[in-house]
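Protein chains in written order, with the working numbering: chain A, 10 to 330; chain B, 10 to 330; chain C, 10 to 330; chain D, 10 to 330; chain E, 10 to 330. Glycine included, each C-beta is placed from N, C-alpha and C at the ideal position.
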């Protein structure tokens, strides 16, 4: 860790980037040397904090959260701004700061001359890192939409549920970032130079835009639930209709067959005279055909069959296919 | 682009209208010449921004969004107000500013004399352009309402879903416009003359009215989901009722036919004596008719058949047809 | 229109009541004479505005909306208060100002002496006119409640949908009236005398009460959707239960009949020996009765039949009938 | 009424308790004598007002609402505080002020010495009277919960609907009481002594707690709707499963019986040879038993039968019974 | 109780910890000795209060609520901060203050030197005690999720309902704690030293984080309801499909069997000639096989069977299993 500390020194200020919280004694000592208060130091070791900014004397301590691709959780990153240093601390090696590192390596511009600008750049990089993750969620929503409309299966609901959970996690990472960024822009935060305000406002705008996206996606995901339930109902309706139709067509036919399968004593002329008719069989089959035709006609009139393509072609939505 | 620049000069100020962001170097240079800061220039090239107003020194930079007919997205338009120019920038050629152009071509009135008034007119044209789009959505909702009530099919749900998505897009384009317009009306925005305030307030009123319309449509669209689910349930109820009735009427009749189709040894007088009756067949048919009549009477009593038109005529809603 | 103008003069101020917007030139001229600004005059001709109050120099211009009985929309009325006149403007002849006219005709009291008090009285009349309309909606909700509980048909859902739409329209007419009335009560509205404030506060209280009623009705209407869906589900459950019971009772009986209708060669003693039994028929019927009894007993144990009145009489709600 | 007026005199101030609004002339005269303004007097006769506090010169006029047990509405009570009197006015004889009367009758303490303290005590008594009513609603919710889980019938939904309506009424009686009480605590209400503030704050706390309870109950009631719909779906699922199982088991068996009931000419050795087999009947019964066993095994594998108690005993919720 | 009082004395201040409210006279007397006002003392004996902070002269009285594991309610704890004492009062022996006791027993640090710091530590211990309870709820949600996806039974809905109720209880215990803690941080609360503010802000941050967790869990639990209803619908769909398929396949086959079971007089050559065919039986079985094959093919084309794994393998979600 100390190895990382020295080469990070740039001009008049240093960027101290700590990965992993195992060496807590060492980290505590370093933080104490940098001037953090006891409470701020204790805060460094609490993961799962919501984003917030604390003013700790001359220091500004901001906790943000970084999205982790394809995972239903976010990583915490703590940024501390001092007059001659910027401290970043996180548990996992993965981060979203490569862009900042490249610009630092590029070696010119404001980012190498001002600790505050570096601090802003790091915050902005964290905020910006949510965009690709959210766009992935947007693609997922569209894929789910298609899938529900064509194949409303149990898995779709499961995926919607997971999508909603992920969006909820993102929302709770983004929502308090607005406050954390707003505190940096307040008049009573003298640690931040006023000529950085337009940049921080721009960063806040991005956070607002992220929230907008999350809200749109959340509402759309909730709409997918309705779509899914409606699709399932619709599917059931279709299954029921087919069952009803087949059963209903054959039930009277089977009854007629059963009728002429009775064994009443043919000695009496009143018992089942049809059985003795010359064309009794054809008569029975005729009865069956008529009963089936009546049923089919009734279903057609009720709009249960041929209704989609034939009954009301004008009602078909132009964009439904 | 420069070709467009010269003829746009009108009186003491120019309207510079840039379409397309490909010539980024040229646009950046022009913007720099007009006095925009680096951050504002960078902002020009970010599409997908939410509407907002930035005060950039003497300049006012407003990002708004224009609806695109029949598309689930909105176009971005950036307006910059300077003392002797108005700059508009957008990626797509389509816009909603023809009315302003006509009034400019008409050649008299305040719009040719004041860059601020032109700026307001452009903002107002953008806001007003949402009205016809929303009215179309209103017509669509009414058409969907009719369709769901008469033919609740899968397509309807899909259309509701798309309608809700479109309304969500419109809402997120309109909602932050209120803030963008409010900043123009603030006391600490000296770039805007106070005698323009009533006009801007009028423009804000329109934005509020748009939001009201969107909210009404969104709630109505959500109501359509309930209507659709209820219609599907109702449709299923009817299908089930028909199946139940036909099956239930024929099941006992078929049983009776099966009963007298049994082959018990007629030598025993206790076995199937009905088969030997003179009027056994008529007796069996009588049994069947009675069982069907009992079933039909029971269904009628339960209100399952003839219930709509006959059972409770007073309960029929006067405005349901 | 001018004919109406002269007799409206009362004491030191006039009430100018304009119906219809066709004579726009005449109306514009009159408004100009009364001192309205161009923007305010343009506003007079915009229908479909949301209620709001504009301070236009010495004048107060308030746009309100009046309910129209049995219609899913509201009429707009524009009120302008000047020092020596009150102007009301609307497109339709119908209004809710007869009470004010009667009090004016009665000829005494503050209403004839103060243009501000007349202005207040007109606003109050508009606000009060929502009460009978909302009470009608309340009666409609109760009627729908009864109907859903006794006959959950498709029409009920349609009526709930219409009810919700009407309540939404009323809400969006009433909600911004609060702001319109609040502006009249602000300190920086010197056109309104301070001794009118208690009256305006009373009027605001009524607007709040209207909103409360609308919210209660809206929530109740949404509850009706749940009630309707639950009733449909319940109805379906009952239909399914009956189908299940009848089918399930007869299916084993029909099977037994089919079994003894088989034609196995009776020469073998192992083939269908029951057919030769002396009491084989009674045995078969006995089998059928037992299978039916077993089924009925099972259904009774599952609580599917006789469950409502017999199974758990204590669970019957005391107030459900 | 006047009879009631005299004995109410206590120390330096009087409590005037008026029941019924029929003698409006008398009440108006009394109110005028006590110093109420015309608007305040008119307000006395408006029932169905939402709770609010008006400052009328030296007087404080508070309108509150009292719950009525087992009724879906609330009674209005108007309290007027003057320097030497407290006026209470309501239409119905029933009230919730017996506790205050007892303490007054007890005859000592602050309640007999200060009109303001009596005024507070009356307000507090009204607020406190909501607690037992809400606790009853809580008991009702628990009873409904039990009932839905054990017997989801149509009546349950009706009761939930009524419960929600009652809670809505209570909410709209309690919600504005907070404002009415807050105005009493404001600095610009000199009619209330500052040493009464802790008491009024305590009273406000109770109102907040009532609102909390109402919100918890409302959310729980809404959850009951979901529970009810889910229970109905579940019940339907079970009914369907039983129907499916019985029908599916018997359908192949009945088919086999029908198969061997056919009358093909046995002269041909290829027609129904099974009928001539020595153990043909047993073979047929064997076929039937096998088909039923296959079906039952399939259902068991799909988890449709014996699934609850047998398939996954670990998944059974420990607290579900 | 007095026994507990003496050993609690630490340095210049005492921690008085009272368990049980039975000895109300003794507690009242003690509270009076400590300087509590009558209203504050009365408050000590009200259980079921919502968290709040009252400033009572020199004293600060905070009511908080402690979670009770596996119970749908919370315990009340009242904390009073005086200059030389901290009073804690609760009805139940169980509490969450063992950590504080250990640190006190440890015997060094700020907690033994400052009554305010002890007061803060006690508040913080109460706030922190919600974390393990909420984490348990989170585990429960995940278990429920799994269970619903694999076995959507009635019990799941019951458990969701209980989960939602528990979360509601926690929410209403946590939500007002923010206000109670905010009052401690206000400028006009001189009883709290300013150097304690960072600690109290940290404590507030934890309360906010708890609320975030509760909201996430509440939304997820609501999502579980949708998941459950969708799973039930889906399950029903599957049951219906199986019923439909089996019934539909056998219905035509049974009809054919019935057809050739009719007893028409074979003397006429037009009656049932198939019965006399040499391969009539095979012909009939062929008819049956063909009808079943046609049905199965139709179902396969409709995607009802083999649809999951075979019809559209690309649509299968990669993470659904």
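- For residue 248 of chain D, the enclosing alpha helix (DSSP H) stretches over residues 206-268.
- Close partners of residue 67 of chain D in chain E (Cβ separation under 8 angstroms) are lacking, with about 27 angstroms as the shortest Cβ gap.
- Residue 99 of chain A counts as buried, since at least 16 other C-beta atoms from the protein chains shown sit within 10 angstroms of its C-beta.
- With a threshold of 9 angstroms between beta carbons, residue 173 of chain C makes no contact with chain D.
- Per DSSP, residue 186 of chain B has no beta-bridge partner at all.
- In the three-state reduction of the DSSP assignment, residue 77 of chain C falls in the coil class.
- Minimum Cα-Cα distance from residue 103 of chain D among the listed residues D:301, D:130, D:27 and D:216 corresponds to D:27.
- Closest option to residue 59 of chain E, judged by alpha-carbon separation, among E:23, E:204 and E:181: E:181.
- With contact defined as three or more Cβ pairs closer than 8 angstroms, the segment 47-63 of chain A and the segment 124-132 of chain A are not in contact.
- In this structure, D:88 is the residue among D:88, D:65 and D:67 with its C-alpha nearest to the C-alpha of residue 73 of chain D.
- Residue burial annotation: residue 167 of chain D is buried, with at least 16 other C-beta atoms found within 10 angstroms of its C-beta.
- Using a Cβ-Cβ cut-off of 9 angstroms, residue 215 of chain A does not count as an interface residue toward chain E, since no Cβ of chain E sits closer than that to its own.
- Contact between the segment 236-250 of chain C and the segment 232-239 of chain B is present: 3 or more CB-CB pairs across the two stretches fall below 8 angstroms.
- Spanning the alpha carbons of residue 216 of chain D and residue 183 of chain D requires a straight line of approximately 7 angstroms.
- The straight-line gap separating the alpha-carbon atoms of residue 299 of chain C and residue 257 of chain C is approximately 13 angstroms.
- Interface with chain B (9 angstroms Cβ-Cβ cutoff): residue 267 of chain C is included.
- Taken through DSSP and simplified to helix, strand or coil, residue 59 of chain C comes out as coil.
- Around the beta-carbon of residue 302 of chain C, fewer than 16 other beta-carbon atoms lie within 10 Å, marking it exposed.
- In this structure, the beta-carbon distance from residue 251 of chain E to residue 253 of chain D falls below 9 angstroms.
- Within a 10 Å sphere around the beta-carbon of residue 203 of chain D sit fewer than 16 other beta-carbons, which makes this residue exposed.
- Neighbours of residue 290 of chain A across chain E, judged by C-beta separation under 7 angstroms: 273, 279, 280 and 281.
- In this structure, residue 53 of chain E places its C-beta atom within 9 angstroms of the C-beta atom of residue 37 of chain E.
- About 15 angstroms separates the CB atoms of residue 86 of chain E and residue 142 of chain E; that is not less than 8 angstroms, and the two are not in contact.
- Going by DSSP, residue 310 of chain D is part of the alpha helix (DSSP H) stretching over 289-310.
- DSSP places residue 196 of chain A outside any alpha helix (DSSP H), giving it a letter other than H or E.
- A Cβ-Cβ contact shorter than 9 angstroms links residue 68 of chain C with residue 90 of chain C.
- About 7 angstroms separates the beta carbon of residue 281 of chain E from that of residue 275 of chain E, a gap short enough to meet the 8 angstroms contact definition.
- Distance from residue 245 of chain B to residue 249 of chain A at the Cβ level is roughly 6 angstroms; contact confirmed, criterion being Cβ atoms closer than 8 angstroms.
- What residue 238 of chain C touches in chain D, judged by beta-carbon distance under 8 angstroms, is 238, going in chain order.
- Legend: CB atoms of the segment 238-257 of chain B lying less than 8 angstroms from CB atoms of chain C belong to residues 238, 239, 240, 242, 243, 245, 246, 249, 250, 252, 253, 256 and 257.
- At the C-beta level, residue 292 of chain C and residue 287 of chain D stay beyond 9 angstroms of one another.
- When A:47, A:176 and A:186 are compared, the shortest CA-CA separation from residue 149 of chain A is found for A:176.
- Going by beta carbons, residue 138 of chain E and residue 186 of chain E fall outside the 9 angstroms limit.
- The beta-carbon of residue 140 of chain C is placed no less than 9 angstroms from the nearest beta-carbon of chain B.
- The DSSP-derived three-state label of residue 82 of chain D is coil.
- Excluding five sequence positions before and after residue 231 of chain C, the CB atoms of its chain that fall closer than 8 angstroms to its own CB belong to 173, given in chain order.
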